[in-house]
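What follows is a single structure, written as structure tokens, with notes after it.
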Amino acid sequence: MHKTMRKSAVLKGAVAGIASIAMLMSVSVTANAADTPSYGSAVKPNITSLLGEYYNWWTPKKVVNNTPQGDAFRGKVTDAGKSVLGQNDKTVVAINNKAAADTTKVDGTYTQAERAALDASDGDALRIYKDAFGPIIGQYVAEGVAQGELPKTSDLVFSKSSKDSFAGFVGTGSAKKDFNYPRPYFNKENEGVDRTIGGDTDLNGLSSTLDIKRIPMINIDGQEYGEDYTDYQEPSQSFPSGHTTKTYNRGLGLATLLPELGPELVARAAEGGNNRVVLGVHYPMDVIGGRISASASVTALWSDATFRQNVLLPAHDELENYIAARCKADGNGDTVAACVSKTGANDKNGYKNTFTDAVSTEPVTDRASAIDAYTARMTYGFSQTSAAGQAPVVPQGAENLLLTAFPDLTDAQRRQVLEASEIDSGYPLDASSNGFERINLAKAFSAKVTLSEDGSTITAISFGAKAPTVVKTASSKNTITGLLTDFNKYYVAGKGVTDEGKSVLAHDDQLTEDINNKAYGTDGNTAQDQRALSDAQMNSTNTLYDALGPVLGKYYKDAADAGKLPKTAQFLSDMNKSASTGVAKATYQHPRPYVDRVNFNGTTLNMNGLKQTLNIKKVPGYENFDWGDGEAPDNEYDGLYNSGSFPSGHTTFAFTQGAGLAYLLPELGPEIMTRVSEAGNNRIVLGVHYPLDIMGGHIAGQYGVATAVSGEKTAQEGAAARAELVDYLTAQCKADNHGDTLDACITNTGANAANGYRNDFTDEVSTRPVTDRASALAAYKARMTYGFQATGTTGQAPVVPDSAVRMFDNVAAFKSLDSAQKKAVLAATEGDSGYPLDASSQGWARVNLAAAYSAKVTLSADGKNVVKVEPGQAQASVVRETSGSNGNNGGNGNGGSNAGNTGVNNASGRNPSGMQPLSKTGADVSGIASAFILIAAAGVTIMMIRRKHAI
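Going by our numbering, the residue at position 905 of the sequence shown is 1066; the numbering climbs one at a time, nothing skipped.
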């Protein structure tokens, strides 16, 4: 036990006036404690049962005589327990030794060893938790307790004597005797016995004495705090940790009273538990057991309707109202949430601790790192001791822990949040814990929950939000979501893979593995991996510049980086806003390739025989990913884990940028579009998306840009941006003697031929390197369908969206074409019907801009009809037949009239020009007028929010 737990009454000076707090608190709690029956009818959890897996590793002697000379600390390590308890020993020594030697003031005032000594006085809960609120709100709470403004909160958390306190509900004394395990610091020099207790305990080969450094007391104003290492004499067994149980009881309890700072409060509790390891008086397993015990205890209290109504909710209201009033008075916001945000208590001005050890390897500097520290201390680096990958298990009643964080969710929905927050199954003590080992409350209190429009269904859960948040999908189907509804044939959100979708998604899975594994090579550091990492930063300049070839590409990148193309930059920024996948992702909720696809976001999915998790090789650079924004690297695989896969947001972004730049610079449109198809494919290279996700992003991005430029204001901005870009590139070309015009420069530098965009990477879809325009077009076309079998009817009449013709605004050769003729060009170059996503895409799945931008268009002699379209040219062009008739030019192939003058040569009759029929050079566009499908809500611009872990 610690020396000052019962003796210490005050802290002065450096601990901010705790003497006055304690005196005032002792009065308020005593008066308040008599008002309500203690703990209502809450049912105490059976701690020994929850921790029963421990018996697999240790067989204790039954304690009849609980003295050092009797039965205390005696038993035998089992064969199964050698590795587990051996790791337990190694970890306590590593953490204790690191802290004992570390002289860093981890909070600006104390070393970690000193913080551990102070935490040993666990009755001083206010001092322990004050810094978890951040400096401003922490001071508010301290003053509120001292001045008697928070009696209900004090009773539950800060009182040493209240019969209603979180810490007083469940003790560990009985469980300690049941498990009867010796403390890590026992040695002959101090206790007279080592951990074998004079040979009565069989450690089965584990060390009898561990190298534990005893942490000295800390003296503050004449008062000593710390550990006196007298557990042998008392006696007090090691497992589970009683201090940790009390610390977590208070921390978890506080988090339920103030969920806006839930992650920080429970992370501070995790530090308090870890401090028992720092002192060398407990093992990591003892701390895990304490957390499980406390989680069950606080759950029981919140699950008792009487105690919840009479004690817990009034305390929550009291604390929230008091903090809100203090914040408002000081100009820090009118609500707790606003105050937390403004003061930075949920970010870089909140709970901090720079101490690191073998388990928590990064300093706590903000919410994300606090969650990481908490999560690391849930398992302490142990290997799994029971089955991994099991379905989520949420303890009965645990949903009540989130009642104040998510009051508008149903119990079932709160359970889904807990399920989605869980760590994997199988870690020590999980098998007996009824799910308490797995639930990650630091994550759960930071959840952003997206509901369906009617609020009945959770469509997305993400973690790391600055406050517990619930939003509803603005509309269950926005335009992009509607364009992709074909996906529902293959997969249903919240249910799983359909029978019709099994073969389609099996191909999706196989390609994902093949492309990812091929690109990974031997170490995940291949040239294609590096290109994928660069594209993942979502810097359109870095992605697009090499599409222009080495000469023009360098001109473009240098100018863009130097801010010399402001109109171009603004236009591309606007295109970024033209398409958002947020609603679609929330609607389709398809799990990513590398995650547990059966247990996803709190639901159990039927994968219909497909793999639970794909064989994805994680690229090291994405596990430690630098966004290039000056922030610390993060693990994107972890960040994206709960984010829906379909459609790909990165791919949508890439296509808004690529289609946008191709709109401005159609002379190199084929290369630009192929480069962004590579950027989409690079999401598969990293293993975070499937081909169907890329196809969906392709559709969304093209639709967004075409719709945006259909607005005349945006088209005018585009015209100004094109003028700026062409003028700059032309001037550079002229200065370097590459030609006096852009067309001449492109030809002279080979940017549209063998000295343009190149990429040697090949995979199962794009089977040949990109070395020139022809191979670029082949790669682009291959990635339009990714080798899927048709799922609908092939050979259907072309479908060209109205707004697609606006993508030709800046193609000089096509300015003489009318809208119908431009549609004919798009129809002649489009892909076939019937492939996945085509049925709902309103033609966007078929549009092939890469081919269209390289087309030679032949018109009839009178200029009215498109008779031939030949993609793959060095430059787009329009010519007319020079003589004679183009044969039967009925246009619809049915012998009828030329509908809208959009017909092409249908191969009947003579072809006096000697040209091949259209069916040999592109899609037959006869009858196109009757086949066009209009896209609803043309001109709508949809915001796309670029955000880490949401793409």
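Built from N, CA and C at the ideal position, the CB exists for glycine as well.
When the Cα of residue i is compared with those of the options, which residue comes out closest?
i: Gln248; options: Ala519, Gly236, Asn916 and Glu479; result: Ala519
i: Leu713; options: Val501, Tyr215 and Ala905; result: Ala905
i: Ala303; options: Arg429, Leu886, Arg487 and Arg452; result: Arg487
i: Arg753; options: Lys725, Gly800, Pro711 and Asp735; result: Gly800
i: Gln273; options: Gly782, Asn737 and Ile256; result: Ile256
i: Ile845; options: Tyr681, Tyr1014 and Gly309; result: Tyr681
i: His850; options: Asn776, Arg836 and Ala884; result: Asn776
i: Ala884; options: Ser734, Pro827 and Ala605; result: Pro827
i: Phe969; options: Gly332, Gln1003 and Asn1009; result: Asn1009
i: Val866; options: Ala608, Trp1005 and Ala262; result: Trp1005
i: Met699; options: Ala457, Thr642, Val837 and Gly763; result: Val837
i: Lys627; options: Thr646, Thr264, Asp382 and Ser502; result: Ser502
i: Tyr1011; options: Ala260, Val986 and His811; result: Inspection of the sequence shows that residue 1011 is occupied by Ala rather than by Tyr. Minimum Cα distance to Ala1011 is reached at Val986.
i: Pro206; options: Pro781, Glu661 and Ser454; result: Ser454
i: Asp363; options: Val578, Asp240 and Gly911; result: Asp240
i: Arg692; options: Gly821, Ala723, Ser594 and Leu847; result: Leu847
i: Gly201; options: Thr522, Ala861, Asn471 and Gln893; result: Asn471
i: Gly412; options: Gln394, Gly433, Ser397 and Glu395; result: Gly433
i: Thr252; options: Lys895, Gly441, Trp788 and Phe468; result: Gly441
i: Gly414; options: Ile379, Arg452, Val438 and Gly387; result: Arg452
i: Phe814; options: Glu479, Asn842, Arg575 and Tyr802; result: Asn842
i: Gly625; options: Ser244, Ser804, Arg1007 and Thr946; result: Ser804
Can you check whether the CB of residue j is closer than 9 Å to the CB of residue i?
i: Tyr918; j: Glu832; result: yes
i: Pro808; j: Asp854; result: yes
i: Leu602; j: Ser586; result: no
i: Ala490; j: Thr620; result: no
i: Tyr588; j: Pro445; result: no
i: Ala476; j: Thr357; result: no
i: Asn431; j: Tyr409; result: Asn is not the amino acid found at residue 431; the sequence shown has Ala there. In this structure, Tyr409 lies closer than 9 Å to Ala431 by Cβ.
i: Asp979; j: Pro852; result: no
i: Pro524; j: Asn510; result: no
i: Tyr1194; j: Ala697; result: Outside the shown range of the chain, which is 162 to 1112, sits residue 1194, and nothing can be said about it.
i: Thr939; j: Arg929; result: The residue asked about is misnamed: residue 939 is Ala in this sequence, not Thr. Against a cut-off of 9 Å, the Cβ pair of Arg929 and Ala939 comes out as a contact.
i: Ala989; j: Leu645; result: no
i: Tyr135; j: His751; result: Nothing about residue 135 can be reported from this structure: the residues present for the chain run from 162 to 1112 only.
i: Asn762; j: Glu580; result: yes
i: Ala552; j: Thr774; result: no
i: Ile208; j: Ala457; result: yes
DSSP puts residue i in a beta bridge; with which residues?
i: Ile298; result: DSSP, once it has assigned bridges, lists no residue as partnering Ile298.
i: Asn380; result: Glu385
i: Trp219; result: Val238
i: Leu1020; result: Val1027 and Arg1041
i: Val525; result: Asn514
i: Tyr652; result: Val658
i: Ile641; result: DSSP output for Ile641 lists no bridge partner at all.
i: Ala628; result: Note: Ala628 sits in no beta bridge, so no partner.
i: Asn920; result: Val931
i: Ser806; result: Note: Ser806 sits in no beta bridge, so no partner.
i: Lys679; result: For Lys679, which the question treats as bridged, DSSP gives no partner whatsoever.
- Message: Check whether the stretch 364-382 and the stretch 391-409 are in contact - that is, three or more C-beta pairs closer than 8 Å.
- Response: Fewer than three Cβ pairs drawn from the stretch 364-382 and the stretch 391-409 lie within less than 8 Å of each other, which leaves the two stretches out of contact.
- Those runs of the beta strand (DSSP E) which lie wholly inside the stretch 589-613 and span at least 3 residues: As far as the stretch 589-613 is concerned, its whole beta strand (DSSP E) runs of at least 3 residues are 609-612.
- Query: Given 8 Å as the limit, is there contact between the stretch 700-718 and the stretch 865-874, that is, 3 or more CB pairs closer than that?
  - Reply: Judged by Cβ distances under 8 Å, the stretch 700-718 makes no contact with the stretch 865-874, as fewer than three pairs qualify.
- Can we say the stretch 920-929 touches the stretch 954-967, given the rule of at least three CB pairs closer than 8 Å? Taking one beta carbon from each stretch, the stretch 920-929 and the stretch 954-967 have fewer than 3 pairs nearer than 8 Å; the two do not touch.
- Task: Pair every Cβ in the stretch 569-587 with every Cβ in the stretch 521-532, then say whether three or more of these pairs are closer than 8 Å.
- Result: By the Cβ rule, the stretch 569-587 does not count as touching the stretch 521-532, because fewer than three pairs are nearer than 8 Å.
- At least three beta-carbon pairs within less than 8 Å, the stretch 787-795 to the stretch 619-632: Between the stretch 787-795 and the stretch 619-632, the count of Cβ pairs shorter than 8 Å is below three; the stretches do not touch.
- Message: Extract the residue ranges of the beta strand (DSSP E) inside the stretch 529-583, only unbroken runs of 3 or more that lie entirely within it.
- Response: Counting whole runs of 3 or more residues, the stretch 529-583 contains no beta strand (DSSP E) stretch at all.
- Quick check: the stretch 343-361 against the stretch 321-335, are there 3 or more CB pairs under 8 Å? Per the Cβ contact rule, the stretch 343-361 is not in contact with the stretch 321-335 (fewer than 3 Cβ pairs under 8 Å).
- Message: If we require 4 or more residues per run, which alpha helix (DSSP H) segments fall completely within the stretch 439-508?
- Response: Here the runs fully enclosed are 445-464, 474-490 and 497-504.
- Complete alpha helix (DSSP H) runs within the stretch 711-790 (minimum length 4 residues, chain order): When DSSP assignments are scanned along the stretch 711-790, the uninterrupted stretches of alpha helix (DSSP H) that are 4 or more residues long and fall wholly within it turn out to be 727-737, 743-749 and 781-784.
- Task: May I ask you to verify whether the stretch 598-616 touches the stretch 559-566, counting CB pairs closer than 8 Å and requiring at least 3?
- Result: Yes: the two stretches touch, three or more of their Cβ pairs being nearer than 8 Å.
- Message: To test your reading of the DSSP string, which unbroken beta strand (DSSP E) runs of 3 or more residues are found completely within the stretch 313-388?
- Response: As for any beta strand (DSSP E) of minimum length 3 sitting wholly inside the stretch 313-388, the runs are 379-381 and 384-386, ordered along the chain.
- Counting pairs of beta carbons, one from the stretch 680-694 and one from the stretch 977-994, are three or more of them closer than 8 Å? The stretch 680-694, when compared against the stretch 977-994, does not touch it at the 8 Å Cβ threshold.
- Would you call the stretch 536-553 and the stretch 275-289 touching, i.e. three or more CB-CB distances under 8 Å? Output reads no: the stretch 275-289 does not touch the stretch 536-553.
- Query: What residue ranges within the stretch 254-278 form continuous beta strand (DSSP E) runs of no fewer than 3 residues, ordered along the chain?
  - Reply: Taking 3 residues as the minimum length, the stretch 254-278 contains no beta strand (DSSP E) run wholly inside it.
- Item | Three or more C-beta pairs below 8 Å linking the stretch 732-745 and the stretch 814-827 | By the criterion of at least three beta-carbon pairs nearer than 8 Å, the stretch 732-745 is in contact with the stretch 814-827.
- List in chain order: all unbroken beta strand (DSSP E) runs of 3+ residues lying wholly within the stretch 844-908. Listed in chain order, nothing qualifies, since the stretch 844-908 has no complete beta strand (DSSP E) run of 3 or more residues.
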